[in-house]
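*Asks:*
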């Protein structure tokens with residue numbers, strides 16, 4: 068099996084079985100292996116060791132975690148894998164979770180990481196999942212723990228760039244695998260506002276003509292964008308929508324709630340170092356505000 072593995076980040080929370088099930092399903096249909104990884108945070112391990120009455124027990128901590136990870140994989144993946152088609156490897160390492168996961172992704176040349184959102188408020192991404200989206204150089208699927216089973220309704224935001232084209236093609240793959248609807252959404256800037264967000268002062272007739280032209284251009288750009296990816300979209304139930312707002316991230320968050328979307332796909336650039344702190348203002352807001360699972364696709368320009 069020569070295809071790059073799918074990496075599943077496991078933290079032993081209630082979301083971990085969901086992460087493993089999704090990862091195993093995709094590994095099966097994509098005919099690749101699965102790498103289940105747990106990172107023991109250095110600071111937590113040091114605290115644990117310092118608190119023990121019998122310090123010799125500290126040396127067995129990682130082996131105990133390894134046994135626990137193996138048992139979880141046996142329970143969730145192996146029991147569901149009746150034909151034994153998914154090859155699973157487990158890894159336990161120590162360090163900073165985001166850095167260790169990125170190192171494994173790079174070492175194994177993985178193209179997909181699956182991780183739980185794990186935010187206690189159930190409203191935003193947890194620190195580790197958000198850090199992985201910023202720093203790990205592959206596509207990242209962030210799962211909400213209340214979303215089990217197949218996805219039914221997907222949404223892709225587009226600005227007609229190559230980056231959002233990659234997100235659309237990923238969305239088409241997932242929609243085909245799950246038999247889901249795929250909604251392609253573009254948010255155009257309000258024609259009646261200037262670059263500062265102020266309402267433009269124009270004659271009514273001129274204003275109406277200009278607004279109509281803007282909508283026509285956006286519709287034409289959407290049509291050309293879909294045509295560029297027609298091959299990937301074959302057989303997919305696709306709907307397109309053009310919205311108007313000067314706050315694209317907020318508008319898309321509102322629209323996904325209206326559609327009852329359960330997965331949103333966002334194109335993000337391939338970044339490293341200090342640049343990885345920011346994935347783009349609109350993408351960053353959508354990543355945090357989306358109340359559903361998020362698939363951040365990494366585009367290598």
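In our numbering, the protein residues as written are 68 to 368.
The beta carbon of each residue, even a glycine, is placed where N, CA and C say it ideally should be.
Because the structure is a prediction, the values reported are computed rather than measured.
#1: Taking only the alpha-carbon atoms, compute the straight-line gap between residue 341 and residue 201 and give it to the nearest angstrom.
#2: Under a three-way DSSP split, which group does residue 84 fall into?
#3: DSSP state of residue 216, grouped into three classes?
#4: What residue from 157, 172, 185, 313 has the CA that sits closest to residue 265's CA?
#5: Pull up the DSSP beta-bridge partners for residue 304, would you.
#6: For residue 247 and residue 195, I'd like the C-alpha separation in whole angstroms.
#7: At which residues does the beta strand (DSSP E) containing residue 103 begin and terminate?
#8: Take residue 343 and list the residues in its own chain whose beta-carbon comes closer than 7 Å to its own, dropping the five residues that flank it on each side.
#9: Thinking just about the alpha-carbon of each residue, which of 326, 240, 78, 332 is nearest to the one in residue 133?
#10: Which residues bound the alpha helix (DSSP H) around residue 173?
#11: May I ask which residues mark the beginning and end of the alpha helix (DSSP H) holding residue 195?
#12: Counting only the same chain and skipping the five closest in sequence on each side, list residues whose C-beta sits under 8 Å from that of residue 212.
#13: Can you tell me whether residue 276 is buried or exposed, with buried defined as 16 or more other CB within 10 angstroms of its CB?
#14: Please classify residue 371: does DSSP put it in a helix, a strand, or coil?
#15: By the DSSP assignment, the alpha helix (DSSP H) with residue 326 in it spans what residues?
#16: Is the beta carbon of residue 304 sitting closer than 8 Å to the one on residue 235?
#17: Per DSSP, what are the beta-bridge partners of residue 132 in this structure?
#18: Counting Cβ pairs closer than 8 Å, one from the region 283-296 and one from the region 228-243, do we hit at least three?
#19: Let me check understanding here. Comparing Cα to Cα, which of 157, 108, 168 lies closest to residue 102?
*Replies:* The structure says:
#1: Here residue 341 scores only 47 on pLDDT, less than 50, and its place in the model should not be relied on; the value that follows carries that caveat. Roughly 10 Å between the two C-alpha positions.
#2: helix
#3: coil
#4: 313
#5: 248
#6: 29 Å
#7: 101-108
#8: Only weak support is given to the placement of residue 343: the predicted model assigns it a pLDDT of 45, under 50, and the value that follows is read from those uncertain coordinates. Only 201, 202 meet the Cβ criterion.
#9: 78
#10: 164-175
#11: 194-202
#12: 80, 81, 82, 85, 183, 184, 185
#13: exposed
#14: Nothing about residue 371 can be read from this structure; the chain reaches only from 68 to 368.
#15: 315-326
#16: no
#17: Beta-bridge pairing links residue 132 to no other residue.
#18: yes
#19: 157
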